[in-house]
Structure formats: C-alpha cells, structure tokens
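In case it helps, numbering that gives the first Met the number 0 puts the sequence shown at residues 0 to 853.
Cβ atoms here follow ideal geometry from the backbone N, Cα and C, with glycine treated the same way.
Note sheet for the following structure.
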Amino acid sequence: MQQNNDSLEYTRIRRVAPIAVNTHGGRAKCLQRLVRLDLPVPETVALSFDAVRKLADGHPLDISALLKTFGDAPLLTVRPSSEDPDWGGPGAMLNVGMNDQRHAELTQTLGPDTADALYLRFVQAYAIHIERLDPEEFENDSATPVRLALKSALDAYENETDEPFPQDVETQLIKVLRSMARAWSGTTARLLRQAKGAPADAGLGLIVQAMSFGVGADESGAGVIQLIDEETGAPLIRGRYKRQAIGRSALTDKTDVMYLTHDARGPSLEVDCPALFEQLTTMTQLCRVKLREEMLVEFIIENNKLVILDAVRVQRSSRAALRSAVQLAEDGIIPKSDALLRIPPRSLTELLHPQVDPTAPRVAFAKGIAASPGGAVGRLVFSSAAAQVSEARGEACILVRRETAPEDIRGMHSSVGVLTERGGVTSHAAVIARGMGVPCVVGASMTINSRKKTITGANGQTLNEGDMITLDGSAGEALIGETKMLPPSKDYWYLQLMEWADAIRDIDVRANADTPADAAMARDFKAQGIGLCRTEHMFFEGDRLTVMREMIFAATHEDRQEAISRLLPMQRSDFIELFRIMQGQPVCIRLLDPPLHEFLPSDRAGAKELAEALDLPLSDVTRRIEWLSEFNPMLGMRGVRLGITFPEIYEMQARAIFEATIEASKLGAPVVPEVMIPLVSAMREVELVKTLVDGVAAAVRNEKGAEFTYRLGVMVETPRAALRAHEIAQHAAFLSFGTNDLTQMAYGLSRDDAGRFMNAYVQQGVFPEDPFHTLDVDGVGELLTIGAARGRKASPKIVLSVCGEHGGNPESIAFCRAAGFDYVSCSPFRVPVARLAAAQLVAAEAKATNLSRK
Ligand code: PEP
Ligand code: MG
Numbered sequence: 000m001q002q003n004n005d006s007l008e009y010t011r012i013r014r015v016a017p018i019a020v021n022t023h024g025g026r027a028k029c030l031q032r033l034v035r036l037d038l039p040v041p042e043t044v045a046l047s048f049d050a051v052r053k054l055a056d057g058h059p060l061d062i063s064a065l066l067k068t069f070g071d072a073p074l075l076t077v078r079p080s081s082e083d084p085d086w087g088g089p090g091a092m093l094n095v096g097m098n099d100q101r102h103a104e105l106t107q108t109l110g111p112d113t114a115d116a117l118y119l120r121f122v123q124a125y126a127i128h129i130e131r132l133d134p135e136e137f138e139n140d141s142a143t144p145v146r147l148a149l150k151s152a153l154d155a156y157e158n159e160t161d162e163p164f165p166q167d168v169e170t171q172l173i174k175v176l177r178s179m180a181r182a183w184s185g186t187t188a189r190l191l192r193q194a195k196g197a198p199a200d201a202g203l204g205l206i207v208q209a210m211s212f213g214v215g216a217d218e219s220g221a222g223v224i225q226l227i228d229e230e231t232g233a234p235l236i237r238g239r240y241k242r243q244a245i246g247r248s249a250l251t252d253k254t255d256v257m258y259l260t261h262d263a264r265g266p267s268l269e270v271d272c273p274a275l276f277e278q279l280t281t282m283t284q285l286c287r288v289k290l291r292e293e294m295l296v297e298f299i300i301e302n303n304k305l306v307i308l309d310a311v312r313v314q315r316s317s318r319a320a321l322r323s324a325v326q327l328a329e330d331g332i333i334p335k336s337d338a339l340l341r342i343p344p345r346s347l348t349e350l351l352h353p354q355v356d357p358t359a360p361r362v363a364f365a366k367g368i369a370a371s372p373g374g375a376v377g378r379l380v381f382s383s384a385a386a387q388v389s390e391a392r393g394e395a396c397i398l399v400r401r402e403t404a405p406e407d408i409r410g411m412h413s414s415v416g417v418l419t420e421r422g423g424v425t426s427h428a429a430v431i432a433r434g435m436g437v438p439c440v441v442g443a444s445m446t447i448n449s450r451k452k453t454i455t456g457a458n459g460q461t462l463n464e465g466d467m468i469t470l471d472g473s474a475g476e477a478l479i480g481e482t483k484m485l486p487p488s489k490d491y492w493y494l495q496l497m498e499w500a501d502a503i504r505d506i507d508v509r510a511n512a513d514t515p516a517d518a519a520m521a522r523d524f525k526a527q528g529i530g531l532c533r534t535e536h537m538f539f540e541g542d543r544l545t546v547m548r549e550m551i552f553a554a555t556h557e558d559r560q561e562a563i564s565r566l567l568p569m570q571r572s573d574f575i576e577l578f579r580i581m582q583g584q585p586v587c588i589r590l591l592d593p594p595l596h597e598f599l600p601s602d603r604a605g606a607k608e609l610a611e612a613l614d615l616p617l618s619d620v621t622r623r624i625e626w627l628s629e630f631n632p633m634l635g636m637r638g639v640r641l642g643i644t645f646p647e648i649y650e651m652q653a654r655a656i657f658e659a660t661i662e663a664s665k666l667g668a669p670v671v672p673e674v675m676i677p678l679v680s681a682m683r684e685v686e687l688v689k690t691l692v693d694g695v696a697a698a699v700r701n702e703k704g705a706e707f708t709y710r711l712g713v714m715v716e717t718p719r720a721a722l723r724a725h726e727i728a729q730h731a732a733f734l735s736f737g738t739n740d741l742t743q744m745a746y747g748l749s750r751d752d753a754g755r756f757m758n759a760y761v762q763q764g765v766f767p768e769d770p771f772h773t774l775d776v777d778g779v780g781e782l783l784t785i786g787a788a789r790g791r792k793a794s795p796k797i798v799l800s801v802c803g804e805h806g807g808n809p810e811s812i813a814f815c816r817a818a819g820f821d822y823v824s825c826s827p828f829r830v831p832v833a834r835l836a837a838a839q840l841v842a843a844e845a846k847a848t849n850l851s852r853k
C-alpha cells in the first residue's frame with residue numbers, strides 16, 4: 000500500500016511495492032528483498048527521500064495513518080536508509096511508543112527489570128538525541144537500581160523541558176522522524192558523507208519497523224550473524240547471540256553473549272538450539288545467494304520463533320571485499336564482470352603494501368599529502384647518509400627532508416618511508432617513492448630544523464633524530480611512535496581477480512621502472528613492458544655520480560669523452576639487466592632529462608668534498624656550479640636541449656642501449672628497444688637527435704656485425720609539442736605524453752612548489768582536484784586529445800601512450816582509453832590498479848549494453 004499526500008509519503012514494505020534504492024535507500028530495498036524471500040520480517044514502513052526532505056523542512060504531517068499500520072499502541076524502531084550504506088546516517092531509535100502505560104504492561108509480561116530498562120533506555124535516547132538535552136543529566140551509573148535511574152531520567156526530562164515526558168506515540172514518532180531528517184541535512188553530516196563519495200544532494204529514507212523483543216519464557220534473545228571473516232574474507236560463521244536481550248543490544252553490548260557455533264569456551268546457539276541455528280544459517284545463506292552479497296543479518300528469537308530485523312552488507316577490509324567478490328563469482332552467484340566492478344581499483348594498493356592498521360590507536364604528529372601509499376615504522380633520520388648508516392645497522396628509518404633532490408635517492412632506497420615538509424604529488428620525493436613502493440607523505444604540516452635535527456608539528460610538539468614514528472602514506476599522516484601494521488597479501492583471490500581483469504581489458508599497462516629492482520617489480524605486477532625508464536636515476540647509483548661529475552667538470556672535449564667512456568659500460572650493463580628481466584617485452588628508455596646541476600652538490604660541504612674528489616680548487620668547483628645554475632631549471636637546459644648542446648651524452652646512451660640490445664638478444668628473447676627523446680618542443684630537435692641516434696645504430700651494427708631494430712619516439716610534454724604533434728609524428732614511431740610536465744606547463748604551475756597552495760586551491764574550488772594527481776580533462780586533456788589526434792592523423796600506426804603519474808589514475812585511464820591511447824605507464828605498484836581500472840571500463844560498458852537490451 001502506498002500513501003501519497005502533500006505532507007508525507009510512506010510505503011509499506013511488501014513483495015510488490017514501489018521501493019527503489021534511489022527513492023527509499025538501500026536498507027528499504029534490502030528489507031523488501033528479504034520479504035520477497037519469505038523471511039520473517041516484522042511489519043515495516045519506508046519513508047522516501049522526498050518525504051524525509053519535507054520532514055526536515057518542517058512540513059506538517061498526518062502520521063496517524065502510518066501508525067495504524069502497526070495496530071494499537073505499537074512499539075517501533077526507526078532506522079536510516081541512505082542510498083549507499085557507506086554514507087552513514089543518524090543512529091537508530093528503538094522503542095518509540097514507550098510510555099507509562101506500555102511500561103506497566105511490559106512489567107507484567109516481561110518483568111519489572113526488563114520493562115524498567117527498556118523505558119530508561121528510550122527516555123535517555125529521546126532526551127539526548129531527539130530533544131538534544133544535556134547528556135550528563137541522563138547518565139546513570141551501574142550501581143543505581145534501574146527503577147531509580149528511570150525515575151530520575153523522567154524527572155530530569157521534566158526539569159529540562161518544563162513538560163512531562165511525552166506519552167503520545169504520534170508525538171514521539173513525529174519528533175523522532177523529524178530529528179533524524181534534520182540530522183541528515185545538517186552541514187557536518189553532509190560534509191562527512193561527501194567525504195565518502197556521496198553527492199551533495201544525497202537523500203535519506205527512513206524505516207519504521209515494529210519492535211521485536213528478544214525476551215520471553217521460551218528461547219528468546221537477539222543476535223547477529225555473517226558468513227565471512229571481515230578481515231580476511233574467509234568463510235566462517237561469525238556473530239553472537241544474547242539471551243533475553245532486547246532489539247539490537249547484541250550488536251553493541253558484548254557482555255554475556257553466546258557463541259553461534261559450537262565452541263569449547265562457552266555455550267553456543269548451535270549446541271543449545273540446533274534447529275533454530277540450522278534455520279538461521281539457512282536464511283543467512285539464502286540472503287547471500289539472493290542478495291548476491293555477504294550480509295550481516297540481525298535477528299531476534301522470540302519464544303522459539305526466528306525474526307529477521309535487518310540485513311546489511313558486511314563491513315569488511317579491502318582484502319575481505321576482494322576475496323568475497325571472487326568467491327561469489329566462483330560460486331556462480333555473480334558474473335566475473337560484477338566481481339571486477341565491485342573492487343575499487345585504489346583499494347588494491349592496500350593489499351600490496353603493509354598498511355597502518357585502521358583500528359589501531361594513532362597519535363597524529365603531522366598531516367600532509369598522501370604521496371605514496373602504505374605504512375612504515377622507523378626511526379627519524381635527517382640525511383641520506385644517516386639513512387644509509389641506519390640501513391647498514393639493520394634499523395628501519397624514515398627519511399625526513401625539507402624536500403628531496405636527486406642526490407637523496409640513495410638515502411630513499413635505504414629508508415622505509417619518506418616525509419617532506421614541501422612538495423606535491425608529482426614532486427621529486429613523491430614520484431621516486433611511488434616508483435620504489437615506499438610510503439611517502441609530502442607537504443607535511445611541520446617545520447624541520449636540519450641543524451638541530453628536529454621536526455616540530457603544528458601543535459608545537461618536537462621530535463628528534465632517532466625518535467620512532469609511523470608513516471601512513473595512504474592517509475597522508477605522520478604518527479608518533481610505533482603503530483600496529485597489517486601485512487600485504489597477494490593471494491589466490493587477488494591473482495584470480497587480476498586474471499579476469501586482464502582477460503577483458505583493451506588498453507595496455509606498462510610500468511615506469513628505472514632500476515633492475517623496479518623492473519622485477521614491474522614484471523611481478525604483470526606490466527606489459529616498461530613505458531618509461533628515467534636513465535638519470537642510474538647515474539646516482541654507486542660510484543657513478545663521481546664519474547658523472549667528472550664528465551660535467553671536463554674542461555676539454557677529450558676529457559669529457561674519457562669520462563663518458565667510463566659511463567658507457569655502466570649504462571650498458573644496466574640496460575642488459577633491464578632487457579634480461581623484461582624478457583623480450585618492450586623497454587622504453589628515455590635519454591637524459593634533468594638539468595646537469597642536479598648531479599652537483601647543493602651545499603658548501605658537498606662542494607668541498609667534490610673539490611677533494613676531483614682534485615680541483617674549491618673556487619673552481621663553486622664557479623662551475625654557479626655557471627650551471629639556472630633561474631628556472633625546469634624550463635632551462637634539460638631534456639633534448641641538453642642532448643643537442645652536449646651530444647656526447649646522448650651518443651653514449653644510444654650506444655649503450657644498442658650494445659645491450661645485441662648482448663641481451665643473445666641471452667634470450669629478441670629485444671626491440673625504444674629510445675625516447677624528452678622535453679621536445681620543435682620538430683627540428685627530433686630531426687637532429689634522430690640523425691645522431693641513427694648514426695650510432697649504424698656504427699654499432701657495423702662494429703659488431705649484428706643486426707637489430709629499434710624504435711625512436713618522442714615525449715610530448717610541452718604544450719607546443721602537443722600542438723605540433725603532426726610534424727613530430729613524421730619522425731617518431733611513438734608519442735608518449737608526459738602529463739607531469741605537460742600539466743606543469745599548461746598551468747604554468749611548478750610541480751615542486753604547488754603543494755604550498757594546492758590545498759587552499761582545491762578547498763576553495765579553484766581546481767576541482769590537484770591537477771598533478773587527477774588529470775585536468777578540460778585543459779591538459781584537450782592538449783592530449785589534440786596531440787593524439789594530430790599525431791595519429793599524420794602517422795596512423797603511431798603508438799600513443801601516457802607515462803606521467805596520471806597513467807596510474809583510474810579516472811585518467813578512462814580518459815586515455817576514450818581518446819584512443821594504446822597504453823598507459825605508471826609506477827609499478829600502481830600497475831595492478833591500472834589493470835583493474837582498465838578492465839572495469841570494459842565491464843561497465845558491457846553491463847550498460849546488456850541493461851539497455853533488456
Ligand atoms: C612527465 O613529465 O610526465 C614525465 C613522465 O617525466 P618526468 O616526471 O620525469 O619529468
Ligand atoms: Mg617530464
């Protein structure tokens with residue numbers, strides 16, 4: 000039956016009744032499904048989102064018709080029903096309708112203690128949550144007899160409101176409904192649910208249900224049951240049952256509860272009441288199969304009779320969510336594509352990194368940007384050297400820097416986490432940490448004193464070198480002390496889901512990997528090759544930095560050649576190793592990109608050390624450093640500009656790549672390397688470098704008497720390169736869009752400094768999101784679309800990809816797929832996220848097509 004009038008709309012929950020998730024909420028719809036399964040659900044009425052909005056707006060209501068549904072003098076429960084259970088809602092109110100008369104009746108039927116307790120709980124909840132009276136006035140200590148506590152609560156109510164406690168069920172119910180409706184429309188509640196992904200205008204439905212009492216002469220009680228472990232997702236019967244318990248008390252009060260299944264530690268429902276237990280588990284199984292989800296079922300036993308009050312999706316960890324989705328698909332309950340669609344791609348990172356246990360107590364020290372996920376515990380160190388010492392001692396450490404520079408890479412490798420005061424999601428620390436799979440928080444609310452080796456948090460608390468902290472890279476927080484961690488898991492269920500994902504996705508996923516360790520990780524995460532190998536990182540390893548610096552300081556062409564000839568075998572062995580690990584999969588190697596000063600020390604002590612190492616006067620060293628320094632290095636002599644000005648470097652790199660190709664092809668699968676030119680803005684740059692690289696290839700073929708092929712491509716990361724892609728494409732086998740630099744240049748926004756104001760910008764809606772994190776589809780996206788279309792038109796077979804950080808971002812992958820890109824490339828740990836996100840696009844399309852056919 001449905002009632003419609005101007006002020007209130009409600010619907011009795013029956014098999015056939017117009018109830019939908021988007022009009023009455025998930026709980027209402029779920030209850031209707033339970034009714035359709037013939038489960039014993041008490042009389043229930045659902046109020047629609049519209050009705051609840053009207054209530055909140057103060058529309059007058061005629062509630063007597065609704066109340067008639069429940070017979071004379073009912074006792075009712077009111078519960079929220081939002082569209083998505085994760086969006087929350089106001090707490091449930093039990094025993095609405097309780098008054099002196101009902102209290103007297105229940106004293107006869109249930110006994111005075113139970114009746115007193117019921118009435119007391121209702122008066123307390125009504126006073127605190129509905130009338131919003133001072134909770135202190137209604138607190139009772141357990142030593143006070145319930146009868147006295149009830150009397151004092153009723154007195155307190157009258158004192159505070161100057162009215163006796165309302166005896167009329169209509170008055171109580173209207174107030175309860177209106178109060179819950181208003182709680183939902185309040186600003187705090189709105190912000191909270193928006194943070195969980197709810198739209199600003201999300202509606203709330205309300206459920207009014209006849210109370211069932213788990214109290215009686217025969218077997219009576221209340222309980223909850225679910226069929227999985229909420230941490231692991233493993234199948235097992237979990238829950239509890241409390242005898243002579245009212246309503247939902249078994250959910251909250253865990254004292255004197257019984258086990259559900261046979262247990263040596265105490266009595267259980269299975270042993271004491273096998274028939275009821277059997278009935279209960281059968282009903283819960285039915286819910287799982289028919290509602291196609293793992294459900295937490297709330298039940299009452301009333302004098303040997305089972306009643307099902309409610310069922311909600313089991314609240315579970317990401318790991319359990321994944322396992323149960325796969326298990327439901329394997330049991331034939333949901334299609335594989337649904338299992339894929341149920342897992343938020345980002346939640347995979349939780350499985351692949353150790354995580355800070357969300358249930359563990361945490362003491363916050365500083366908040367920042369969550370730059371690389373996962374959790375780590377270690378002692379604070381303030382320099383790369385200290386990090387290396389710590390690692391050598393076998394002690395886990397967290398590296399703290401104002402911001403990191405390339406010379407910190409070794410320190411980052413030695414640390415279990417990185418914390419910086421400055422930076423944004425594509426700053427150096429963030430990019431490198433993500434690549435290494437090390438948790439990282441950047442732009443943290445703290446001040447660092449490198450001299451004293453201290454950090455001071457926003458609340459004035461100071462930590463010293465050696466102090467223990469926990470870094471939560473997923474939440475963007477630094478915590479004081481050692482916090483409990485959860486281990487990573489790449490189990491059968493994960494592998495199975497990813498196999499299904501790979502079987503349907505139609506955009507490739509490669510990894511950005513610079514070192515053999517990264518490459519091994521990329522393979523492990525099933526990347527389809529390396530989409531970006533940033534060669535500069537190889538020059539910071541071991542003793543190479545010194546040779547690199549000698550090359551930079553070379554006074555003559557001969558001296559430079561000499562240093563370069565020492566770098567060549569090192570690079571060659573790097574590439575052989577990468578090719579070996581990738582076993583014939585494509586490896587895209589980017590020629591040197593950063594400005595040379597990044598290889599030089601940034602302080603006086605470092606300059607002095609360098610002067611000693613090179614046997615040069617300190618003044619020569621500082622002069623050279625000054626000469627190389629630029630006002631705006633990110634727009635200065637870097638990328639292809641470096642290659643054209645100092646061709647020896649690119650020549651050496653090309654030779655190392657080709658010689659490695661020949662060597663690695665002897666060892667295993669044939670290698671077709673990809674050579675990529677960074678920071679191009681004009682076609683002529685490509686022509687010049689192509690001539691150089693082709694020349695080296697011809698020379699190597701000649702010298703070695705061996706054949707090989709390679710592909711030369713261009714990084715499109717300046718706006719001009721995107722606009723002139725048709726010219727550039729004529730000389731390139733592939734175009735890889737570097738969306739980090741492209742975003743930086745499209746906005747005129749420094750990657751390394753944007754963190755300072757990004758929060759303010761996002762909070763005030765200047766940018767909807769940090770564009771270094773989520774692709775700016777409107778502006779940068781347009782450059783990508785233009786570049787891709789022009790490149791493709793000039794050279795239809797050209798391979799198009801995105802290798803900026805956005806490549807691992809689920810929303811950006813949707814954009815890239817729609818714009819016709821062939822692959823995305825991202826940090827190894829984001830490869831599984833990208834694989835699943837790409838598969839979801841196909842699964843969602845197929846589902847939409849199926850639905851439209853129906
Ligand atoms: C880019 O700019 O998007 C890119 C991938 O290169 P890098 O981050 O090394 O500048
Ligand atoms: Mg770049």
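query: Using only CA atoms, which one of 387, 381, 414 lies nearest to residue 400?; result: 381
query: Which residues, in chain order, sit with a beta-carbon under 5 Å away from any heavy atom of the ligand MG?; result: 716, 737, 740
query: Please determine, among 230, 226, 201, 240, the residue with the shortest C-alpha to C-alpha distance to residue 219.; result: 240
query: From the DSSP output, in three-state form, read off residue 560 for me.; result: helix
query: Taking only the alpha-carbon atoms, compute the straight-line gap between residue 468 and residue 346 and give it to the nearest angstrom.; result: 24 Å
query: Quick check on this structure: which residue in 642, 552, 563, 360 has the alpha carbon closest to the alpha carbon of residue 623?; result: 552
query: Less than 8 Å between the C-beta atoms of residue 536 and residue 513, yes or no?; result: yes
query: Name the DSSP bridge partner or partners of residue 651?; result: None; residue 651 has no bridge partner.
query: Would you say residue 430 touches the ligand PEP, meaning its beta carbon is less than 7 Å from a heavy atom?; result: yes
query: CB residue 389 to CB residue 439, shorter than 8 Å?; result: no
query: Can you give me the start and stop residues for the alpha helix (DSSP H) that residue 699 sits inside?; result: 682-703
query: Which residue wins for smallest C-alpha separation from residue 701, given the options 742, 664, 654, 671?; result: 654
query: Touch check for the segment 823-830 and the segment 748-762: three-plus C-beta pairs under 8 Å?; result: no
query: Of all the options 108, 275, 96, which has the alpha carbon lying nearest to the alpha carbon of residue 120?; result: 96
query: Considering residue 296, what are the terminal residues of the alpha helix (DSSP H) in which it resides?; result: No alpha helix (DSSP H) holds residue 296; the beta strand (DSSP E) holding it covers 294-301.
query: For a quick check, are the C-beta atoms of residue 305 and residue 279 less than 8 Å apart?; result: yes
query: With hydrogens ignored, establish whether the beta-carbon of residue 825 is closer than 7 Å to any heavy atom of the ligand PEP.; result: no
query: Kindly indicate which three-state DSSP category residue 811 falls into: helix, strand or coil?; result: helix
query: Which same chain residues, not among the five before or five after residue 511, have their C-beta less than 7 Å away from its C-beta?; result: 434, 530, 531, 802, 824, 825, 826
query: Distance, Cα to Cα, residue 844 vs residue 337?; result: 12 Å
query: Quick check: residue 734 and residue 641, are their CB atoms within less than 8 Å of each other?; result: no
query: Where in the segment 221-290 do unbroken runs of the beta strand (DSSP E), each at least 3 residues long, occur, reported from the N-terminal end onward?; result: 234-242
query: Kindly examine the ligand PEP and report whether one of its heavy atoms sits closer than 7 Å to the Cβ of residue 802.; result: yes
query: Taking the alpha carbon of residue 778 as the point to measure from, which residue in 808, 756, 742 has its own alpha carbon closest?; result: 742
query: Measure the alpha-carbon distance for residue 193 versus residue 150 and round it to whole angstroms.; result: 42 Å
query: What are the start and end residues of the beta strand (DSSP E) that includes residue 448?; result: 445-448
query: How would you label residue 630, buried or exposed, when you count the other beta carbons within 10 angstroms and need 16 or more for buried?; result: exposed
query: If you reduce the DSSP assignment to three classes, tell me which class residue 671 lands in.; result: coil
query: Does the beta-carbon of residue 830 have 16 or more other beta-carbons within 10 angstroms, so that it is buried, or is it exposed?; result: buried
query: In angstroms, rounded to a whole number, what distance separates the CA positions of residue 942 and residue 805?; result: As displayed, the chain neither begins before 0 nor continues past 853, which places residue 942 out of reach and without an answer.
query: Can you find the residues in the same chain that come closer than 6 Å, C-beta to C-beta, to residue 731, ignoring five residues on each side of it along the sequence?; result: 712, 713
query: Is residue 774 near the ligand PEP, with its Cβ less than 7 Å from a heavy atom?; result: no
query: Residue 417: which of 452, 406, 379, 40 sits nearest, CA to CA?; result: 379
query: Comparing C-alpha positions only, which one of 109, 172, 106, 100 sits nearest to residue 93?; result: 172
query: Flag residue 531 as yes when its Cβ comes closer than 7 Å to any non-hydrogen atom of the ligand PEP, and as no otherwise.; result: yes
query: Under 8 Å, with one C-beta from each stretch per pair, do the segment 280-292 and the segment 448-458 reach the 3-pair mark?; result: no
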